[in-house]
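Peer 1: Numbering (numbering that gives the first Met the number 0), first residue to last: 0 to 79. A virtual CB, placed ideally from N, CA and C, is assigned to each residue, including glycine.
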Amino acid sequence: MKAVDGGDETNLLPPNPRLVFNRFLPDVFFLQELDVLSDMSVREVVANVIDKFGRIDVVVNNAGVQCISPLAEMPLSSFE
0 MKAVDGGDET
10 NLLPPNPRLV
20 FNRFLPDVFF
30 LQELDVLSDM
40 SVREVVANVI
50 DKFGRIDVVV
60 NNAGVQCISP
70 LAEMPLSSFE
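(1) When DSSP labels each residue in this structure, what does Pro74 get in the three-state scheme?
(2) DSSP state of Asp50, grouped into three classes?
(3) Would you mind reading off the limits of the alpha helix (DSSP H) that contains Asp21?
(4) Once the 5 residues before and after Asp34 are set aside, which same chain residues still bring their CB inside 6 Å of it?
(5) Helix, strand or coil for Val57, going by three-state DSSP, please let me know.
(6) What does a CB cutoff of less than 7 Å around Asn21 pick up in its chain, not counting 5 residues either side in sequence?
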């Protein structure tokens, strides 16, 4: 994202906004990058969240996957 000011382009976001948000607004933001197709990526983010908050109370699936059985019983392959 860039803004043009008098012909000069200025970056509006830092190179890695996640680091800035997590450092300066840790009580407001906890941004994590996640590849939903990577089991290792999912496990890493879950571990990061548990390290920060101690537990996960709710998980929201906003990827458009239709679950026809209890989520805990679905194999990982159902989401790929």
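Peer 2: Quick answer:
(1) The answer is coil: DSSP assigns Pro74 none of H, G, I, E or B.
(2) In the structure shown, the three-state DSSP call for Asp50 is helix.
(3) Here the sequence assigns Asn to residue 21, which means Asp is not the residue at that position. Membership of Asn21 in the alpha helix (DSSP H) is indicated by the continuous run Pro16 to Phe23.
(4) Only residues of its own chain outside the window of five on either side were considered, and among them Ser40 have a CB closer than 6 Å to the CB of Asp34, listed in chain order.
(5) Reduced to three states, the DSSP call for Val57 is coil.
(6) Excluding positions up to five away in sequence, the list reads Phe28, Phe29 and Leu30.
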